[in-house]
Amino acid sequence: MDLSNILLMRFEVILLVVILLLIVGEIFISQAKKDAVIHLSIFLFGLHTAIGFLNLEEGRLFGGMFHTNAMIELFKNILNIGVLILLLQSGDWVKEKIMKNSRGTEFFILLFSSLLGMYFMISSGDFLMFYLGLELSTLPVAALAAYETTKRISSESGIKLILSAAMASGTALMGISFLYATSGSIYFNDIILTVGANNLTLLGFVLFIAGLAFKISLVPFHFWTADVYEGAPIAIASYLSVISKGAAVFILMILLFTVFKPLMEIWDKLLYGIAVATMFLGNLFALRQQNMKRFLAYSSIAQAGFILLGLMIGNQLGAATVMYFVLIYIFSNLAAFGVVQAISLQTGKELMGDYEGLYRTNPNLSLIMMLALFSLAGIPPVAGFFGKFFLFTAAASEGYYFLVFLAVFNVTISLYYYLLVVRAMFLRKSNNAIPYFENKIYMRLGLLIAVIGILVLGIYSPVYEYIYELSANLQ
Amino acid sequence: MDILSLFIIVPVATIVALLFSKNLRQARIIAMSGSLLQLGMAINLVFAYLKERAVSDDIMVFTKDVVWFQPFNIHYSIGVDGISVALLLLTSIVVLAGVFISWKIFDLPKEFFISLIVLSIGVYGFFISLDLFTMFVFFEVAVIPMYLLIGIWGSGPREFSAMKLTLMLMGASAVLLIGILGIYFNSGADGGVLSFNILEIAKANIPIEAQRLFFPLTFVGFAVIGALFPFHTWSPDGHASAPTAVSMLHAGVLMKLGGYGVFRVAMYLLPEGAKEWSWIFIILSVIGVVYGAFSAIKQTDLKYINAYSSVSHLGLVLFALLMLNKTAWNGAIIQSLSHGFMTALFFALIGMIYERTHTRNITELGGLLKVIPFISTIYVIAGLASLGLPGFSGFVAEMNIFVGAFQDESLFIRIATILSVTVIVITAVYILRVVGIMLMGPVRNESFLKLNKVTWFEKLGILLLLLPIVGIGVAPLWISDMILESLQPFIQGLL
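So the sequences go chain by chain: A and B. First residue of the first sequence? That's 1 in the numbering used here, and the numbers climb one at a time after it. First residue of the second sequence? That's 476 in the numbering used here, and the numbers climb one at a time after it.
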């Protein structure tokens, strides 16, 4: 193998180097200045993100196990930006809550390892690489969910996540083995040629989809979501709902649009049902949530239902709208989680009732939260509107008008509970409102990037046009 | 910079300036100068339009087209005809009057004016858009500030009303979205490219089955904000809880989006659907007209009286639009304008009365003509305009509507017309009842004897609204000509 070929794995290699540097770095950083790890991690990851935007060639490695192209590269960049925002938002949390008792380096190492798994997962060219990536992306997160060792609920969350994840990946593996049994290969390119509508293939396919659906928390594989989000540290809940979900949606899209394309007649009906169930259940359960993390958990379940609208139609338009929506969703959700994080870190409050009168004490945080929620609800001129409108356009282009009707009905339901938060922050007055506090520089930066994303990604149309061009790669 | 985009840019600049304002004084001065500038622009636009119209035969003038989302063929496409020009003028006048009326807002003044101006951006943008996507964006931009405006600065059950209003209007816009997507995906039926542009879609022949399916969705989507019975319930609650300026904008301008959208999108683009479905919507609008007027008779809260009167008057707009002929449409547009000025004036007056007497219940009021003669006199004038007295704009509008409606000789429409004509009498009942109870008679309450005088900014706001009412009533021809000219292409599309 040529050494220049290894450059195709640039994202993976550099991230691995970052992880190793952190391990080595930890040895040299003295106990007194241990928060230098945070600066180091953010700096190194920022560098990694910046390098990611350099041009990269298309190609395959290891006989097709690993492949990359402009679209995959773009998606890795999207994930990078998401993780960078997340790091900025959670740096202070690591410093104040974790570093009291332990070193804190492992937080970054685990997080990056999981991201590395996602890189491999979305670049995979066969099921072996896919499965390795899936596992590598899940296991560190389970450890992170249980990371706040002083809190019992955090351990519970970790256990729940690892058990459900093991179950899900077992199911997916079962599906993969059935697919192997019928097609005689684990390479995506070989399977495309042989996949047909026989019963064993279908069984394998459905089991495999179930495994992925767990990661995206589609109904009926969503039960872990709210509990895990509630118990896990906010940074990890945010990671699960944004990065992990985004990567899983992306690989699901690639597989559906290429490997399983011949089965489209079957999976579009399957997704139709799942989409309707996911939207309704997510939205209806979100209505009564008081805890902001559970609230965002159900809201993110509902959002996943909307994504399926674009997946269903299986063409370039669908791919472009899904990627665009995921990109916007990452920024919107990170902004919302960021505000929850900031408030929780300063005051320990996580209930919607605690947010009453927030605008009069902390106007900027309230405005960011409002923008994020409007973006999630899909109200112009913020980006979420464009993401949703285009998804619906994609679904309507194949004549799914009734599904779009159900979706817009759900948008109206979701608007109700998003407005409940706005109501608490803006309309209510409270005597014991959360007092004014200043955020640290990292948190501010993290929120700022997210807000810029929310404001710009929609109105600035070249973003969508670029994604649309790249989506032609899938055909 | 083109003359129309300024209607977006100037308010945005006003908002940016407001963000940096330090106190109430600065906030109101910035808001006032911004709105004043917009009024200037709107007046200038009327003259520019008349000049341009003399030399140009295009359906829309001052057009500008910039590609926005190329893959979907979405453009930022703007242009105006006589109808939009008139509605822009209405908007700018009501916004300025609204700023004057909210002169004494003390709670979060900066945020109040910002929300008010965001709302006006949505309305301006809606009236100048020629692209369905852009139009839809502005439609939602106009609706969402209402939640904050009613929720933060409202009174009574403000949280409930704000939520109800937002959800009903957003639900309607969700239905509308399907209608718009349906129009979009059928706009290439002749083999052309898919388009969101209204003028291009009008040239394409949308298949009749699609028109049948998507007309009711589009119509209802827009008509909910125009208070179509039975989807009007958001409006009285919203009005009653809203602060004065918001009621003015809400009834005066926001509800006009409904009629305008129905006319420009649903009827213009889906004429066959309109013909097939008009009967059911005629029934609903007649119910709205009569029911609204009867409800107004029974109310004791001044704001509810005017809210239901709005349901009735705007039902008349929808009714006239459904008559599908030029005279009635002319009446519908003038009724939109006239109602816009009139209700804004009413709500302004109600706000002033409430501020002084701290009640809106007419049974607790009485003899106001003796203690606050200026407000009371204007109230009588507004009332007379509302019941369609010649010399005011309401007369011109209703005259056109009913003359137009009688042109259709089918029995069904005759009956519908006769039923809705009764509203003239019923309107007189509820207007005169209020005048009798509230303004005439003895002063009910000692404390009313020492009510505050009318301030200069209140007078200014009121005169601003009264002027066009009388103006349209006394000299209706110039505005009527402007509208009739613009109606020509729509009529051709329908025949």
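Built from N, CA and C at the ideal position, the CB exists for glycine as well.
- 464/A is the residue among 411/A, 407/A, 206/A, 464/A whose C-alpha sits nearest the C-alpha of residue 316/A.
- Put simply, the backbone Cα of residue 961/B is about 16 Å away from that of residue 744/B.
- Neighbourhood of residue 423/A in chain B, by CB distance below 9 Å: 622, 626, 634, 637, 638, in chain order.
- Counting of Cβ neighbours within 10 angstroms places residue 931/B among the exposed residues, the total staying below 16.
- A contact between stretches requires three or more CB pairs, one per stretch, nearer than 8 Å, and the segment 648-667 of chain B meets this requirement with the segment 689-701 of chain B.
- Apart from the 5 residues on each side of it in sequence, residue 964/B sits with its Cβ closer than 7 Å to the Cβ of 534 in its chain, given in chain order.
- Within the model, the alpha-carbon separation for residue 741/B versus residue 749/B is close to 7 Å.
- Per DSSP, residue 429/A has no beta-bridge partner at all.
- Listed along chain A, the residues sitting closer than 8 Å to residue 612/B by beta-carbon distance are 380, 381, 385.
- Looking at the DSSP output, residue 539/B bridges to 553/B.
- Of the other Cβ atoms in all chains shown, 16 or more fall within 10 Å of the Cβ of residue 725/B; this residue is therefore buried.
- Interface annotation, residue 646/B: in contact with chain A, CB-CB separation under 8 Å.
- For residue 660/B, the uninterrupted alpha helix (DSSP H) segment begins and ends at 633-661.
- At a cut-off of 8 Å between beta-carbon atoms, residue 736/B makes no contact with chain A.
- Residue 788/B is classed as buried because its beta carbon has at least 16 other beta carbons within 10 Å across all chains shown.
- DSSP places residue 60/A in the uninterrupted beta strand (DSSP E) bounded by 59-61.
- Going by DSSP, residue 833/B is part of no alpha helix (DSSP H) at all; its letter is neither H nor E.
- By the beta-carbon neighbour count (other beta carbons within 10 angstroms, threshold 16), residue 739/B is buried.
- In the structure shown, the three-state DSSP call for residue 669/B is coil.
- The closest CA to that of residue 97/A, considering only 72/A, 35/A, 85/A, is found on 35/A.
- With respect to chain A, the C-beta atom of residue 619/B has a partner C-beta closer than 8 Å.
- Contact of residue 657/B with chain A by beta-carbon distance below 8 Å involves 396, 401.
- In the DSSP assignment, residue 902/B falls within the alpha helix (DSSP H) that extends over 898-909.
- Under the Cβ criterion of 8 Å, residue 258/A is not counted among the residues facing chain B.
- Here residue 32/A is exposed, its C-beta having fewer than 16 other C-beta atoms within 10 Å.
- In the three-state DSSP reduction, residue 583/B falls in the coil class, being neither helix nor strand.
- In this structure, the beta-carbon distance from residue 590/B to residue 623/B falls below 8 Å.
- For residue 419/A, the chain B residues whose C-beta falls within less than 7 Å of its own C-beta are 622, 638, 641, listed in chain order.
- Per DSSP, reduced to three states, the secondary structure at residue 92/A is helical.
- Interface criterion met: the Cβ of residue 416/A is under 8 Å from a Cβ in chain B.
- Counting of Cβ neighbours within 10 angstroms places residue 540/B among the exposed residues, the total staying below 16.
- The Cβ-Cβ distance between residue 735/B and residue 547/B does not fall below 8 Å.
- Residue burial is scored here from C-beta neighbours: residue 785/B has at least 16 other C-beta atoms within 10 angstroms and is therefore classed as buried.
- For residue 390/A, the enclosing alpha helix (DSSP H) begins and ends at 383-397.
- Linking residue 520/B to residue 810/B through their CA atoms gives a straight-line distance of about 21 Å.
- Residue 717/B has a beta carbon lying at 8 Å or more from every beta carbon in chain A.
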